[in-house]
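Let me begin by presenting the structure, written as structure tokens, before commenting on it.
Number of protein chains: 2
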Amino acid sequence: MSAVDDAFHGLRQMISSGRLVAEQKFPPESELCDELGVSRGSLREAVRMLSALGVIESRHGSGTYVSQLRAEDIIGSLSLTVGLLPLSGLLDMYELRRVLEAHAAAQAAARITDEAEAEMLGLIAQMEATDDTDLASSCDARFHEAIAHAGGNPTLMALLGVFRSRSRAYQVFELPNGAELKRISDLGHRAIADAIVARDPAAASAAAAAHVAQTDAWLRLYQPPLSEK
Amino acid sequence: MSAVDDAFHGLRQMISSGRLVAEQKFPPESELCDELGVSRGSLREAVRMLSALGVIESRHGSGTYVSQLRAEDIIGSLSLTVGLLPLSGLLDMYELRRVLEAHAAAQAAARITDEAEAEMLGLIAQMEATDDTDLASSCDARFHEAIAHAGGNPTLMALLGVFRSRSRAYQVFELPNGAELKRISDLGHRAIADAIVARDPAAASAAAAAHVAQTDAWLRLYQPPLSEK
DNA sequence: TGCCGAAAAGTCATCTAACAACTTTGTTGA
DNA sequence: TCAACAAAGTTGTTAGATGACTTTTCGGCA
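The listed protein sequences derive, respectively, from chains L and D. When the first sequence is numbered by the numbering used here, its final residue is 234 and no position is left out of the sequence of numbers. When the second sequence is numbered by the numbering used here, its final residue is 234 and no position is left out of the sequence of numbers.
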């Protein structure tokens with residue numbers, strides 16, 4: 006086994022064995038090097054790997070710590086990379102997004118609070134009123150986030166955030182017929198919101214699935230330009 | 006911005022900009038250091054991060070390459086870390102697993118081939134016949150894998166694999182009443198298989214959801230021991 | 001000519017040593 | 001008691017040298 010792998014598994018085991026729990030501080034690098042039998046360079050490479058995966062966290066001048074170990078943080082680490090997937094491999098993800106958005110919408114319909122509902126309605130009103138594509142995109146994202154949040158499952162919310170971060174890069178509304186598409190999209194949003202307001206999970210689920218399927222179809226059909234961001 | 010971050014974003018951008026595509030080789034480390042303006046140590050830390058995330062791949066003596074950039078590989082990188090999540094943060098994941106297994110089972114019922122069906126039935130027969138908990142666990146995993154595979158969405162299959170890798174660490178069948186639990190579990194599997202054989206997506210979906218919910222309930226109730234693996 | 005093996009070049013892997021940058025702790029002095 | 005400063009501790013970065021593995025090149029031989 007290579008030195009970096011040794012260090013990686015050693016660090017990982019310190020957490021899985023329960024020797025270190027969430028938020029706790031690792032020994033300094035020099036001690037870890039002795040214990041794991043690798044040089045500082047190799048150890049640091051292993052630390053970076055776990056840090057990229059959202060498991061640990063280095064603070065300059067202070068130390069290296071176990072993260073909070075929340076599922077949503079670990080899933081969120083995917084957002085660093087989903088943007089690199091080619092469009093071809095993306096359609097499977099849309100199938101997942103459709104299923105998960107439908108579930109989140111259904112849960113939201115069952116659980117949403119009055120304040121969250123008011124926020125959601127405010128976003129959708131703003132979205133319908135504007136012609137600015139940037140503002141519309143932003144409201145779109147926040148609208149879906151609000152629903153996922155109301156669903157009450159942070160892990161699901163993180164996963165949907167990852168999928169959406171990829172979809173958002175495709176600027177459907179910038180297409181020649183973008184205004185027409187936005188109008189249809191607004192109708193889809195409104196159907197979801199109405200179902201949630203009516204506290205009807207089945208209707209919310211169906212509306213959300215239809216909305217995602219629609220976006221998916223546009224993506225396949227027009228293959229819109231990628232945003233620079 | 007720190008040196009490692011510079012290198013990380015530089016490498017990432019080489020891919021997102023299209024300068025390098027899947028399977029293509031990066032320039033040697035020395036050139037990358039010059040171009041990105043960082044030392045070799047920092048560059049290597051950035052490379053390790055992207056490699057942990059499944060985006061690039063270093064081959065000793067040969068070079069550093071962009072990965073195949075398949076969604077399933079990038080999602081699969083989570084399996085390195087989900088095992089570290091505390092049990093408390095795991096129940097949200099079971100909700101997701103329930104939804105996704107249900108979808109996969111429905112898709113399998115709609116799409117499965119005769120050969121895949123035969124394999125699935127072989128696994129379930131073997132599982133029902135044995136008392137060996139290790140063999141049963143292995144068949145259990147492969148049974149669910151076969152269904153996910155038959156569902157035809159590699160991304161979904163990878164995601165379910167991640168969730169299952171975590172569940173499998175809990176050895177429900179090792180509990181005092183493990184034999185009883187296994188019998189119930191076998192019935193759940195049989196219900197899923199029957200629905201798939203009958204090409205009935207709705208029934209398959211319901212059976213799969215029920216099965217996952219059952220496992221979830223056992224986990225909450227008994228909090229079984231973690232495997233050492 | 002064609003092929004095989006050895007040598008050479010190219011590349012990543014690892015280690016050591018040193019210094020820089022930042023944070024935390026301890027101490028001093030008013 | 002508190003503020004400012006000093007010291008110690010820790011991670012961040014760089015440089016150079018050596019090892020290990022892969023690929024290419026080239027010479028020898030049938």
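In this text, a Cβ means the ideal position worked out from N, Cα and C, and glycines have one as well.
### Query
Hey, out of L:Asn158, L:Leu55, L:Leu92 and L:Ala174, whose CA is closest to Ala235 of chain L's CA?
Past the boundaries of the shown model lies residue 235 of chain L; chain L is included only from 6 to 234, so the question cannot be answered.
### Message
Here's a check: name, in chain order, each residue in its chain whose Cβ is nearer than 8 Å to the Cβ of Arg171 of chain L, leaving out the five neighbours to either side.
### Response
Annotation for Arg171 of chain L: Val87, Gly88, Leu90, Leu95 and Met98 place their beta carbon closer than 8 Å to its own, counting only its chain and skipping 5 residues before and after.
#### Entry: Boundaries of the beta strand (DSSP E) in which Ile61 of chain L is found, first to last residue
Ile61 to Arg64
### Message
Output needed in chain order: residues of the region 9-42 of chain D with a Cβ under 9 Å from some Cβ in chain L.
### Response
For the region 9-42 of chain D, which is checked against every Cβ of chain L, the residues closer than 9 Å are Val9, Phe13, Arg17, Ile20, Ser21, Val26 and Ala27.
### Query
What is the DSSP secondary structure of Gly81 of chain L, counted as helix, strand or coil?
helix
### Task
Return yes when the Cβ of Asn158 of chain L is within less than 7 Å of the Cβ of Glu100 of chain D, no when it is not.
It is a contact, given that the beta carbons lie within the stated cut-off.
#### Entry: C-beta contact flag for Ala12 of chain D and Ala57 of chain D at 7 Å
no
### Query
Name the chain D residues that come within less than 8 Å of Ile201 of chain L, Cβ to Cβ?
Residues of chain D passing the Cβ test: none, with the nearest at roughly 18 Å.
### Query
Ordered along the chain, which non-local residues of its own chain (more than five positions away) have a Cβ less than 8 Å from that of Lys234 of chain D?
Here the model assigns Lys234 of chain D a pLDDT of 41, short of 50, so the residue's position is not dependable, and the following value carries that caveat. Excluding residues within five positions, the ones whose Cβ falls inside 8 Å are Ala174.
### Message
Am I right that Ile61 of chain D and Ala163 of chain D are in contact with their C-beta atoms under 8 Å? What's the rounded C-beta distance?
### Response
About 18 Å separates the two Cβ atoms, so there is no contact after all.
#### Entry: Segment limits, alpha helix (DSSP H) that includes Tyr70 of chain D
Run containing Tyr70 of chain D: none in the alpha helix (DSSP H); it sits in the beta strand (DSSP E), Gly68 to Val71.
### Task
Under 8 Å by Cβ, that's how I've got Leu128 of chain D and Cys144 of chain D pegged, so tell me the actual separation to the nearest angstrom.
Right, their Cβ atoms sit about 5 Å apart.
### Message
Check whether the region 134-143 of chain D and the region 220-229 of chain D touch, using three or more Cβ-Cβ pairs below 8 Å as the test.
### Response
no
### Query
How would you list, in chain order, the residues of chain D whose beta-carbon sits under 9 Å from the beta-carbon of Glu100 of chain L?
His108, Gln112, Asn158, Thr160 and Leu161
### Task
Please name the residue in L:Ala207, L:Ala218, L:Tyr70 and L:Trp223 whose C-alpha comes closest to that of Ala109 of chain L.
L:Ala207
### Query
Excluding sequence positions up to five away, which residues of its chain have a Cβ less than 6 Å from the Cβ of Gly156 of chain D?
Ala109, Gln112 and Ala113
### Query
Okay, do the region 69-77 of chain L and the region 23-32 of chain L touch, 3+ Cβ pairs below 8 Å being the bar?
yes
### Message
Let me see if you follow: with CB-CB separation under 7 Å, is Lys234 of chain L close to chain D or not?
### Response
The predicted model places Lys234 of chain L with a pLDDT of 41, which falls under 50 and marks its position as unreliable; any figure quoted below should be read in that light. Answer no: the Cβ-Cβ gap between Lys234 of chain L and chain D never drops below 7 Å.
#### Entry: Between the CA atoms of Leu192 of chain L and Asp136 of chain L - distance to the nearest angstrom
15 Å
### Message
As a quick exercise: from D:Met6, D:Ala184, D:Phe148 and D:Leu180, pick the residue whose alpha carbon is nearest that of Arg243 of chain D.
### Response
In this structure chain D extends from 6 to 234, so residue 243 of chain D is not present and cannot be described.
#### Entry: chain D contact for Arg75 of chain L (CB, 7 Å cutoff)
Yes, contact with chain D.
### Query
By the 10 Å Cβ neighbour count, where 16 or more other Cβ atoms means buried, how is Thr118 of chain L classified, buried or exposed?
exposed
### Query
Is the CB-CB distance between Arg53 of chain D and Arg53 of chain L below 7 Å?
yes
### Rounded straight-line distance, which links the Cα of Lys187 of chain D to that of Gln176 of chain D
11 Å
### Task
Could you run through the region 51-83 of chain L and flag, in chain order, every residue whose CB is less than 8 Å away from some CB of chain D?
Ala51, Arg53, Met54, Leu55, Ser56, Ala57, Leu58, Gly59, Val60, Leu74, Arg75, Ala76, Ile79, Ile80, Ser82 and Leu83
### Message
Using beta carbons (cut-off 7 Å, strictly below), is Val217 of chain L in contact with chain D?
### Response
No, Val217 of chain L lies away from the interface with chain D (no Cβ there is under 7 Å from its Cβ).
### Message
Is Thr118 of chain D close to chain L? Criterion is C-beta to C-beta, closer than 7 Å.
### Response
no
### Task
Can you tell me which of D:Arg204, D:Ala209 and D:Glu185 puts its alpha carbon nearest to the alpha carbon of Ala196 of chain D?
Cα-wise, what sits closest to Ala196 of chain D is D:Ala209.
### Query
In the region 99-147 of chain D, which residue ranges form an unbroken alpha helix (DSSP H) of at least 4 residues, counting only runs that do not cross its ends?
119-134
### Message
Can you confirm whether Asp97 of chain L, when its beta carbon is compared against all beta carbons of chain D, has any partner nearer than 7 Å?
### Response
yes
### Query
How would you label Ser22 of chain D, buried or exposed, when you count the other beta carbons within 10 angstroms and need 16 or more for buried?
With fewer than 16 other Cβ atoms within 10 Å, it is exposed.
### Query
What residues from chain L crowd round Leu164 of chain D, counting only those whose CB sits closer than 9 Å?
Per Cβ cutoff of 9 Å: Leu101 and Leu164.
### Message
Below 7 Å on C-beta distance, what does Arg49 of chain D contact in chain L?
### Response
Glu50
### Task
Can you give me the Cβ contacts of Arg64 of chain L inside the same chain, cut-off strictly under 8 Å, excluding the 5 residues immediately before and after it?
Tyr70
### Query
Does Val167 of chain L get closer than 7 Å to chain D when you measure Cβ to Cβ?
no
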